[in-house]
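Inspection log for the structure reproduced underneath, given as structure tokens.
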Amino acid sequence: MNTAGPAHGQIVDAVLAAWPQHATALDRAMPTEARQRELTEQVSAAILALVGTQLDRHVAGYRWMCAMVLDEELDFRRTGSYRYSSFAEVERRVYSDPSVMVGYMDGLLLSQVLWANHLDMLAFYVDAYLPAVGSSAAHLEVGPGHGLLLWLASRTLRGTLAGWDVSGTSLERTATALRTLGSPPIDLALRNLFDPDDDGQRFDSVVISEVLEHLEQPDRALAALHRRMRPGALLYANAPVNSPAVDHIWLFRSPEEVVDLVASSGFAVESTRFAPATGLTEARARKMRFSISCAVVARRLA
Amino acid sequence: MLAEMQEVFRSVFEADDLTISRETTARDVEGWDSLSHVTLLVSLEQRFGIRFKSSEVSDLKNVGELLDVVARERSRSATSAAKP
Numbered sequence: 001m002n003t004a005g006p007a008h009g010q011i012v013d014a015v016l017a018a019w020p021q022h023a024t025a026l027d028r029a030m031p032t033e034a035r036q037r038e039l040t041e042q043v044s045a046a047i048l049a050l051v052g053t054q055l056d057r058h059v060a061g062y063r064w065m066c067a068m069v070l071d072e073e074l075d076f077r078r079t080g081s082y083r084y085s086s087f088a089e090v091e092r093r094v095y096s097d098p099s100v101m102v103g104y105m106d107g108l109l110l111s112q113v114l115w116a117n118h119l120d121m122l123a124f125y126v127d128a129y130l131p132a133v134g135s136s137a138a139h140l141e142v143g144p145g146h147g148l149l150l151w152l153a154s155r156t157l158r159g160t161l162a163g164w165d166v167s168g169t170s171l172e173r174t175a176t177a178l179r180t181l182g183s184p185p186i187d188l189a190l191r192n193l194f195d196p197d198d199d200g201q202r203f204d205s206v207v208i209s210e211v212l213e214h215l216e217q218p219d220r221a222l223a224a225l226h227r228r229m230r231p232g233a234l235l236y237a238n239a240p241v242n243s244p245a246v247d248h249i250w251l252f253r254s255p256e257e258v259v260d261l262v263a264s265s266g267f268a269v270e271s272t273r274f275a276p277a278t279g280l281t282e283a284r285a286r287k288m289r290f291s292i293s294c295a296v297v298a299r300r301l302a
Numbered sequence: 001m002l003a004e005m006q007e008v009f010r011s012v013f014e015a016d017d018l019t020i021s022r023e024t025t026a027r028d029v030e031g032w033d034s035l036s037h038v039t040l041l042v043s044l045e046q047r048f049g050i051r052f053k054s055s056e057v058s059d060l061k062n063v064g065e066l067l068d069v070v071a072r073e074r075s076r077s078a079t080s081a082a083k084p
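Here the protein sequences line up with chains U and B, keeping their order. Okay, so the first sequence: first residue is 1 according to the numbering used here, each after it adds one. Okay, so the second sequence: first residue is 1 according to the numbering used here, each after it adds one.
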């Protein structure tokens, strides 16, 4: 298999050792373009640093996550909607179960370099979004999760860096990841977007990646972010379309729904990137209502 | 049942001249990837009046194994329907 480098190869080999039937899917996701291969290898090396001696555990989590996605895809194709529509249901069935969450988070981490759409989004974030952010910008990521995007931001941005999450467990994982990767100090805080804004903090750059689809009211989230951004600040919003998962609540049915949501929240859209699931063209993904990752870069209007 | 399944395959993959056998694998059918696989499964569910468990359809080797699962589920559905 034409992996991007030794680190990427190590992750791919570990997955194939446990799950040889996954070879075709992995092969289809192999990056071919030089810059993507370079970034894939860099992120793979970071992931290996994060997993340490627990690569096999992460592989098990990845396999669990793929089985979960298949389950949810079957349900989605039968019903036309995501299984759950409220945060309370997801909290009860997913977030409050540590055994589920560990596997899920482990799987999500590996998927960043194993799924073509995730790789594409990473490349867009690094090569299109971050260069557009001023180096001294006050930068915030909402829901930093595995910490990779904050780590990537810390490599180029020299202003203040912050990460907010509603989950203390998730923030701990982010903090551990950033320490492991040698990031400069990043202000990680247990903050809910909808808390009253009483500290006057304002940001020049805000990232909300793979969060909106987990919310009952993504429009309120964008409105809350708008209030915390300076006029002219940049927003990077990444949300998937037709992408069933056990904790996805809000169904975006087309890339245009994601773009329109951002535009209607007080932002001027500057660029977009749509990445269909592994092995698909965008045209086929649209026609068959398969998953498409959608990234929107937009500027806060005054 | 293979002939009925072939009709479903032709519809899902939009290939009127597609011919399948028990030995047919995903590599033999253009466009048969993990996501079209899901569409195929749901189409088979609708055609045969069955419901798959994801665990029994995630690592199938060929059409023959899929056919066996359909036959098993169809028999299970018929047995459930026949119970008073």
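We treat Cβ as the ideally placed atom computed from N, Cα and C, and that holds for glycine. Quantities reported herein were computed from a predicted structural model and do not represent experimental measurements.
For a cut-off of 8 Å, the C-beta gap from glycine 266 of chain U to leucine 301 of chain U is around 5 Å, short enough to register as a contact.
Taking C-beta atoms as the reference points, serine 44 of chain U and alanine 7 of chain U count as a pair closer than 8 Å. Counting only unbroken stretches of 4 or more residues, the alpha helix (DSSP H) elements lying wholly within the stretch 24-50 of chain B are 34-48, in sequence order. The three-state secondary structure of serine 135 of chain U, taken from DSSP, is coil.
Ranked by Cα distance from histidine 22 of chain U, the options B:Val8, B:Ile50, B:Ala26, B:Glu7 are led by B:Ala26. Linking alanine 78 of chain B to arginine 51 of chain B through their CA atoms gives a straight-line distance of about 12 Å. With its beta carbon at least 8 Å from every one in chain U, leucine 44 of chain B lies outside the interface. Judged by beta-carbon spacing, leucine 280 of chain U lies beyond the 8 Å limit of proline 218 of chain U, meaning their Cβ atoms are not closer than that value. Using beta-carbon distances, aspartate 71 of chain U counts as an interface residue toward chain B, with a partner under 8 Å. Note that the C-beta distance between proline 255 of chain U and serine 291 of chain U is not below 8 Å. For alanine 25 of chain U, the three-state secondary structure derived from DSSP is helix. Within the model, the alpha-carbon separation for glycine 49 of chain B versus arginine 74 of chain B is close to 7 Å. Taking the CA atoms as reference points, glutamate 45 of chain B sits about 29 Å from alanine 60 of chain U. Listed in chain order, the non-local C-beta contacts of arginine 47 of chain B below 6 Å within the same chain comprise Val8, local neighbours out to five positions each way being set aside. Per DSSP, the continuous alpha helix (DSSP H) segment holding methionine 101 of chain U begins and ends at 98-114. Annotation for tryptophan 32 of chain B: Phe13, Ala26, Leu40 place their beta carbon closer than 8 Å to its own, counting only its chain and skipping 5 residues before and after. Counting along the chain, isoleucine 47 of chain U sits inside the alpha helix (DSSP H) bounded by residues 34-51. When the five nearest sequence neighbours on each side are left out, the beta carbons in the same chain lying within less than 6 Å of the beta carbon of valine 100 of chain U are those of Val94, in order along the chain. Taking a C-beta cut-off of 7 Å against chain B, the contacting residues of the stretch 262-288 of chain U are Ala277, Gly279, Leu280, Met288, listed in chain order. Taking CB atoms only, serine 58 of chain B has a neighbour in chain U less than 8 Å away.
Not a single CB atom of chain U sits nearer than 8 Å to the CB of serine 77 of chain B. Nearest Cα to valine 29 of chain B within the set B:Leu67, B:Asn62, B:Lys53: B:Asn62. Under the DSSP definition of a beta bridge, phenylalanine 203 of chain U partners with U:Met229. By the CB criterion at 8 Å, leucine 157 of chain U and alanine 128 of chain U fall outside the cutoff. Within the model, the alpha-carbon separation for serine 34 of chain B versus leucine 149 of chain U is close to 28 Å.
Arginine 92 of chain U and aspartate 16 of chain B have their C-alpha atoms roughly 46 Å apart.
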